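In this note's numbering, the protein residues as written are 193 to 574.
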C-alpha cells in the first residue's frame, strides 16, 4: 500500500485550497447578479416639495429615472439610460400619471392642476412641476397614490413650505402610509414637540435603512473589520470612520463642500478595493489603518449626504439641523448593529489558524473582486 508523504500531502492541501478558493469566487460571481442594481443610495426614494406662495400653491416631484419608468415608458435603452427624445415621447404620459395620482386637498377641497411640466434636473433625475393656481388655504392634505405604482418598499419624502420658505411639515410617505396633513399655523407659532419627534424618528429610520441597504458601505466596513483582533482595534476603526463621514456629511448638507456623485461613487468603490488589497499584502493589521479609514470615511460621507440632498435638504431649506442629526444617528446605529453582529463571528473565526492562513485572504479577495466590479460599473455608467 502506498502512503502519501509530506510533499504529497502539501500538494493535496494546495489542491483542496485552490478548489475551495475557486468555489468561493464562483459564489461571489453569482452573488453579483442581485447586486448589479445596488448602489450607495436607495433608488426607491423620491421627494415631493409643496411651496405656498401669495394666493397660490406649487409642487415639485423628483423621481429617479428607474422609478419614473414605472409610471411611464421613459427608459428604452436599459436602466439609467435615457435620451432627451425618449423622455419627450413619454413626457405627457408621465405628467398625466402624476396629475391623476397625486391628490392635494386644501381645506377639504381637492385642488385641480392648472399647469404641469417635467424635465431632467442637474443630477439627471426626473422633475415634475405642478402649479395649482390661485388658492388660499390654512391646511393641506397630501395623498400620494403614486407610491402604489412604484416598486415595493418605495418611500417618498415630503416637505411643505410656507411663502417665506420655512418648513411647515415634513415626513416620509410609504404604501402603508401615503397620506399626510400640514396645517399652516400663525406666524408666531412654533413647531410642536410631536412634529419634532416624528421628524426625528423618520430620518433616524431612513439613516438605519440606508446603511443596511448600502452594500458598498457595508463591504468597506467588513473589509476593515475582518482583520482586526480585539475590541479596542475595532473601536478605533469604527470611530475613525464615524468621525470622518460625519464631517463631510455635514459639510455637504450645508453646501460647504461638494463633490459630484460621478466622482464620489467610483472613489467609494476604489476604497473597497484598496482595503481588500491591503489586507492581502499585510499579514497583520496595518499600522496606518485608522488614518486610511479616516481618509476614505471622508469620501463615504459625501455618499451619505447625497440622500439628504436628493430630498431637497440643504443650506437653502429650513429645519436642516434635525434631519441631519437624526439621519446621521441612524447611520451610526446601523453601523453599530452590523458590527455587533459581525465582530463576534469574525473573532471566533480568527481564533482558528486555518481561517487566518486561508479563509481570511479568501474574504479579502472577495472584497477586492466586488469592489472592482462596482468601480468598473460606476466608471462606465458615469
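Even for Gly, the Cβ is constructed at its ideal location relative to N, Cα and C. As the structure is a prediction and not an experimental result, all values here were calculated from the model.
Asked: From the DSSP output, in three-state form, read off residue 370 for me.; Found: coil
Asked: Judging by CA-CA distance, which residue of 368, 395 and 461 is the nearest neighbour of residue 524?; Found: 395
Asked: So what's residue 248 in DSSP terms, helix, strand or just coil?; Found: strand
Asked: Determine the DSSP secondary structure at residue 298, reduced to helix, strand or coil.; Found: strand
Asked: Using only CA atoms, which one of 409, 258 and 486 lies nearest to residue 457?; Found: 409
Asked: In whole angstroms, what is the alpha-carbon distance linking residue 285 and residue 260?; Found: 11 Å
Asked: Which first and last residues belong to the alpha helix (DSSP H) in which residue 505 is found?; Found: No alpha helix (DSSP H) contains residue 505, which DSSP labels as neither H nor E.
Asked: Distance check for residue 287 and residue 487, CA to CA, integer angstroms please.; Found: 44 Å
Asked: Among the candidates 518, 549 and 564, whose CA atom is the shortest distance from the CA of residue 469?; Found: 564
Asked: Taking three-plus beta-carbon pairs below 8 Å as touching, is the segment 291–304 in contact with the segment 315–334?; Found: yes
Asked: Check for me: the alpha helix (DSSP H) holding residue 328 runs from which residue to which?; Found: Careful: residue 328 lies outside any alpha helix (DSSP H) and carries neither H nor E.
Asked: Take residue 241 as the anchor and find which of 258, 334, 450 and 526 has the nearest alpha-carbon.; Found: 334
Asked: In terms of residue numbering, what span does the beta strand (DSSP E) encompassing residue 351 cover?; Found: 347–353
Asked: Under the three-state reduction of DSSP, which class applies to residue 319: helix, strand or coil?; Found: strand
Asked: Check for me: the beta strand (DSSP E) holding residue 547 runs from which residue to which?; Found: It is not in any beta strand (DSSP E) - residue 547 carries neither H nor E in the DSSP assignment.
Asked: Out of curiosity, what's the CA-to-CA distance linking residue 386 and residue 308?; Found: 34 Å
Asked: So, is residue 515 buried or exposed, given that buried needs 16 or more other C-beta atoms within 10 angstroms?; Found: buried
Asked: Name the one or two DSSP bridge partners that residue 362 has.; Found: 351
Asked: Quick one, which of 527, 305 and 371 has its alpha-carbon nearest residue 351's?; Found: 371
Asked: Would you call the CB atoms of residue 436 and residue 517 closer than 8 Å?; Found: no
Asked: If we count the other Cβ atoms within 10 Å of its Cβ and call it buried at 16 or more, is residue 575 buried or exposed?; Found: The first residue shown for the chain is 193 and the last is 574, placing residue 575 beyond what the model contains.
Asked: Mind checking which residues open and close the alpha helix (DSSP H) that includes residue 464?; Found: 453–473
Asked: Please classify residue 218 as buried or exposed, where buried requires at least 16 neighbouring CB atoms within 10 angstroms.; Found: Low local confidence applies: a pLDDT of 38 at residue 218 is under 50, so the model's placement there is unreliable, and no value is given.
Asked: Which same chain residues, not among the five before or five after residue 289, have their C-beta less than 8 Å away from its C-beta?; Found: 263, 264, 338 and 341
Asked: Going by C-alpha to C-alpha distance, which of 295, 444 and 346 sits closest to residue 323?; Found: 295
Asked: Please say whether residue 467 and residue 552 have beta carbons closer to each other than 8 Å?; Found: no
Asked: Which runs of the alpha helix (DSSP H) at least 4 residues long sit entirely within the segment 381–440? Give them in chain order.; Found: 385–405 and 407–417
Asked: Quick check on the DSSP output: the alpha helix (DSSP H) that includes residue 308 runs from which residue to which?; Found: Run containing residue 308: none in the alpha helix (DSSP H); it sits in the beta strand (DSSP E), 307–312.
Asked: If we count the other Cβ atoms within 10 Å of its Cβ and call it buried at 16 or more, is residue 423 buried or exposed?; Found: exposed
Asked: Just curious, the alpha helix (DSSP H) that residue 540 is in, first and last residue?; Found: 513–542
Asked: Is the Cβ-Cβ distance between residue 239 and residue 349 less than 8 Å?; Found: yes
Asked: By the three-class DSSP mapping on this structure, what secondary structure does residue 243 have?; Found: strand
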